[in-house]
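Okay, structure first, notes after.
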Amino acid sequence: MHFLEVKIDWSLLKLSEVYVHEIIRLHIIPMYIILDQDPRMRLCFSIIFHSQSNDQPERVI
Numbered sequence: 472m473h474f475l476e477v478k479i480d481w482s483l484l485k486l487s488e489v490y491v492h493e494i495i496r497l498h499i500i501p502m503y504i505i506l507d508q509d510p511r512m513r514l515c516f517s518i519i520f521h522s523q524s525n526d527q528p529e530r531v532i
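Here's what the structure looks like:
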């Protein structure tokens with residue numbers, strides 16, 4: 472359980488900023504999440520070269 476010191480007259484935006492800042496500081500939540508379906512992820516693994524039994528590289532897309 473976490474308690475944050477806040478002021479009564481803070482806006483909802485200010486409260487959310489303080490909350491997010493403290494949670495990130497305590498739990499080290501990543502700022503960006505790249506899913507495996509993301510185009511940036513698929514581009515890294517879209518072309519694979521692998522050896523066949525006769526040591527000839529074969530390109531697989």
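Heads up, the sequence shown is in the working numbering, so the first residue is 472 and it goes up one at a time. Glycine included, each C-beta is placed from N, C-alpha and C at the ideal position.
Within this structure, are the beta carbons of residue i and residue j separated by less than 8 angstroms?
i: residue 493; j: residue 475; result: yes
Between residue i and the rest of its own chain, which residues show a CB-CB distance below 7 angstroms, the 5 nearest in sequence each way excluded?
i: residue 477; result: 486, 489
Near residue i, what residues of its chain come up, given a Cβ to Cβ distance below 6 angstroms and the 5 sequence neighbours on each side ignored?
i: residue 482; result: none
i: residue 497; result: none
i: residue 491; result: none
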